[in-house]
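Peer 1:
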DNA sequence: ATCAGGCCTGAATTACTGTTCAGTTCTTGG
DNA sequence: CCAAGAACTGAACAGTAATTCAGGCCTGAT
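Chains as they are written, first to last, in my numbering: chain R, 61 to 284; chain G, 61 to 284.
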């Protein structure tokens, strides 16, 4: 055999793979999942349609990896924000705020990843994505319960409900469309975070304080 | 002209239209939106595929009416339950419980109506459906606020968030799959209703009482 | 009984994209 | 520079359902 995968080739292959994924991500962010089609993505990534299939067995696999990628980023951001908080309740507030800010700043992408109809079956990876995020939120709720800040409860169900509330209120079809008013965006984040904290049993007064603290660092992100 | 639409003919036409809609509804309840296809529906309704198009201009219109129909039923049930409650807070609890019980007892249909991918565009009717239900919940929240039972808040956003929480926790992909255990179903309804009430500012202790009261009449439905 | 007119049928058409693959181009070690 | 093998191309293919429509059928007034 005279052809070997040299380091250079490996790097180029990886770069192409990334380019294809990035093209898919950009398409989704611009035109929703309906815009994620093989031919346009190939054009965007400067390859032929057939080439996409040398990197992903099918469109479903491509989208699944897209979902997994976005989900990983999201999870990392949540952990970072929560770990930086001074206590369990603050951590929960930070986690919720992070989710809210993220979905708001990338609404179209978030909607595509979460719930938008796709012509192929990506149920499994969407499920995995939600399970990861919900699990993280659940463990933060659990920590607050163990610290005695919240009443005992079904934390998994509570986490799922919280995410549902955030998504529906901020990126769902009824979400107010205040895309470019930073003030309104911040208000929406605060309102929804407050609802979420109260839902798991934080008292109104204390919840309001936590929200204010949690939104401070997030403001930067909203601006970005 | 020798042919007139006599009363008898009008009745038959209406019956056929209903039969087609019912077939669509049954298909959705059994196999989700993916099972809502013209040919199978036509078979179910005892007509030819082409006939469907004499009653509905397109599949999108058919599904839109299906959504509208289910939505009307839902709204009526919510109003009935809420109006029968003794006060604004109880009414809100009753409304939330009704939604929870309904989506649980028809999970597949609910998922199809709410969020399942469809190959045609039904965004508009889904939006209208949500708007109606959310509006009703919002007005119940508003009533409780005006009665001084809840803190002032963005009731529209709160209603949207509540519905998101209910749907995600009970029919979403992460919803626990306890389809046939009445006890677990009741638990789920109670848990989620409690979360919802606390989210809008009902104190934990009072919320627990409201939930118990609201679930009493709903138990019958869960059993059915 | 007759026929004018809408109603129904269901096979054929259409439209759309994901997927394939034979041929071409590129990369590497000798 | 050459041979071997991999990667890439993009036009052709294929599967799926929604939608159409020419012809037959039924209904109702005369």
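The C-beta atom is built at its ideal place from N, Cα and C for all residues, glycine as well.
Checking contacts by CB at 9 Å: is residue 261/G closer than that to chain R?
Peer 2: yes
Peer 1: Ignore the nearest five residues each way along the sequence and tell me which others in residue 261/G's own chain have a CB closer than 8 Å to its CB.
Peer 2: 210, 211, 213
Peer 1: Check the C-beta distance from residue 229/R over to residue 217/G and give it rounded, since I have them as a contact under 8 Å.
Peer 2: 6 Å
Peer 1: Give me, in chain order, the residues of the same chain whose beta-carbon lies closer than 8 Å to that of residue 128/G; leave out the 5 immediate sequence neighbours on both sides.
Peer 2: 185, 188, 189
Peer 1: Pick helix, strand or coil for residue 243/R, following the three-state DSSP scheme.
Peer 2: helix
Peer 1: Need the endpoints of the alpha helix (DSSP H) that residue 228/R sits in, please.
Peer 2: Run containing residue 228/R: 215-230, per the alpha helix (DSSP H) assignment.
Peer 1: Please classify residue 181/G as buried or exposed, where buried requires at least 16 neighbouring CB atoms within 10 angstroms.
Peer 2: exposed
Peer 1: Ignoring anything shorter than 4 residues or poking outside the region 97-157 of chain G, list the alpha helix (DSSP H) runs there in chain order.
Peer 2: DSSP runs (the alpha helix (DSSP H)) wholly in the region 97-157 of chain G: 98-104, 109-115, 119-143.
Peer 1: Where do the ends of the alpha helix (DSSP H) carrying residue 67/G lie?
Peer 2: 67-91
Peer 1: Can you give me the Cβ contacts of residue 169/G inside the same chain, cut-off strictly under 8 Å, excluding the 5 residues immediately before and after it?
Peer 2: 85, 88, 89, 130
Peer 1: When DSSP labels each residue in this structure, what does residue 166/R get in the three-state scheme?
Peer 2: coil
Peer 1: For the alpha helix (DSSP H) that residue 202/R lies in, which residues bound it at each end?
Peer 2: 183-206
Peer 1: So, for residue 232/R: in the same chain, excluding its five sequence neighbours on each side, which residues have a beta-carbon less than 6 Å away from its beta-carbon?
Peer 2: none
Peer 1: Can you list the residues of chain G that residue 191/R reaches, using a CB-CB cut of under 7 Å?
Peer 2: 234
Peer 1: Contact criterion: CB-CB distance below 9 Å. Does residue 162/R meet it with respect to chain G?
Peer 2: Chain G, which has no Cβ nearer than 9 Å to the Cβ of residue 162/R, makes this no.
Peer 1: If you pair each beta-carbon of the region 160-176 of chain R with each one of the region 87-107 of chain R, do three or more pairs fall below 8 Å?
Peer 2: In short, these stretches touch, since the Cβ pair count reaches three.
Peer 1: Taking the alpha-carbon positions, what's the residue 115/G to residue 274/R distance?
Peer 2: 54 Å
Peer 1: In this structure, does DSSP put residue 95/R in helix, strand or coil?
Peer 2: helix
Peer 1: Residue 228/R versus chain G: which residues are under 8 Å apart at the beta carbon?
Peer 2: 220, 221, 223, 224, 225, 227, 228
Peer 1: Contact defined as beta carbons within less than 8 Å: I believe residue 286/G pairs with residue 245/R. What is the distance between those atoms, to the nearest angstrom?
Peer 2: This structure cannot speak to residue 286/G, because chain G is shown only from 61 to 284.
Peer 1: Which residues in chain G have a C-beta closer than 7 Å to the C-beta of residue 175/R? List them in chain order.
Peer 2: Under the 7 Å cutoff, chain G gives 175.
Peer 1: Of the residues that make up the region 184-211 of chain R, which ones have a beta carbon closer than 7 Å to any beta carbon in chain G?
Peer 2: In summary, the residues of the region 184-211 of chain R whose CB is separated from some CB of chain G by less than 7 Å are 186, 187, 190, 191, 194, 211, in the order they occur in the chain.
Peer 1: Of all the options 155/R, 80/R, 149/R, 163/R, which has the alpha carbon lying nearest to the alpha carbon of residue 123/R?
Peer 2: 80/R
Peer 1: Interface residues of chain R around residue 258/G at Cβ under 7 Å?
Peer 2: 258, 259, 261
Peer 1: If distances are taken between C-alpha atoms only, which option among 158/G, 73/G, 205/G comes closest to residue 148/G?
Peer 2: 205/G
Peer 1: Report the neighbours of residue 251/G on chain R: residues whose CB is nearer than 7 Å to its CB, in chain order.
Peer 2: 214, 217
Peer 1: Mapping DSSP to helix, strand and coil, what is residue 261/R?
Peer 2: coil
Peer 1: Output, in sequence order along the chain, the residues in the region 136-151 of chain G whose CB is closer than 9 Å to any CB in chain R.
Peer 2: none
Peer 1: So, residue 142/G versus residue 151/G, is the Cβ gap smaller than 9 Å?
Peer 2: In this structure, residue 151/G lies closer than 9 Å to residue 142/G by Cβ.
Peer 1: Closest Cβ-Cβ distance between residue 255/R and chain G: below 9 Å?
Peer 2: yes
Peer 1: Closest Cβ-Cβ distance between residue 248/G and chain R: below 9 Å?
Peer 2: Residue 248/G counts as touching chain R.
Peer 1: Is it buried or exposed for residue 315/G, if we count other Cβ within 10 angstroms and need 16 for buried?
Peer 2: Because chain G is modelled from 61 through 284, residue 315/G falls outside the range shown and cannot be assessed.
Peer 1: Determine, using beta carbons only, whether residue 104/G comes closer than 9 Å to chain R.
Peer 2: Cβ-Cβ to chain R under 9 Å: no for residue 104/G.
Peer 1: Quick check on the burial criterion: 16 or more other C-beta atoms within 10 angstroms. Buried or exposed for residue 241/G?
Peer 2: exposed
Peer 1: Just to confirm my understanding: we take residue 108/R, look at its own chain, exclude 5 residues before and 5 after, and list those with CB closer than 8 Å. What are they?
Peer 2: For residue 108/R, where only same-chain residues beyond five positions count, the Cβ hits under 8 Å are 102.
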